[in-house]
Amino acid sequence: MEITTKTNGQSVDVFISGIIKTISDGQSIKEAVARVFAQDSQQLIHIHIKDSFIITSSVIGFLIKSIKIDKMELSVYVYSNELYTMLEDMNLIESMNVRKA
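Heads up, the sequence shown is in numbering that gives the first Met the number 0, so the first residue is 0 and it goes up one at a time.
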């Protein structure tokens with residue numbers, strides 16, 4: 000798994016390539032998002048999950064906490080129909096601000 004970030008004026012895109020499957024992958028995602036938020040807590044953050052058809056429960060929990068408790072302006076763009084369907088089945092589309100890419 001690889002994470003890259005790109006700043007676009009008032010927003011930051013966090014691109015996640017590869018399969019999200021290990022605890023280490025989840026920790027890397029958390030650290031990348033936390034770094035972006037620490038730099039400017041008012042910036043919009045767009046997370047792009049490009050290849051993964053799965054996502055760990057710790058990442059799901061982190062994203063929900065970031066949006067609901069930490070009040071991050073965060074959206075998740077999912078490129079895999081399988082992952083989108085899974086998140087939809089779990090009723091997480093609205094709470095995680097998920098969009099199809």
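Just so it is clear, CB atoms sit at the ideal spot from N, CA and C, and this is done for glycine as well.
Remember, it's a predicted structure, so these values are computed and weren't measured experimentally.
A straight-line Cα-Cα distance of about 20 Å links residue 98 and residue 31. Looking from the CA of residue 45, the closest CA among 77, 23, 87, 67 belongs to 77.
For residue 5, the pairing in a beta bridge is given by DSSP as 12. A Cβ-Cβ separation of about 5 Å places residue 51 in contact with residue 18 under the 8 Å criterion. Here residue 76 carries a strand assignment [DSSP, helix/strand/coil]. Annotation: the continuous beta strand (DSSP E) that includes residue 43 extends over 43 to 48. Per DSSP, the unbroken alpha helix (DSSP H) holding residue 67 starts and ends at 56 to 67.
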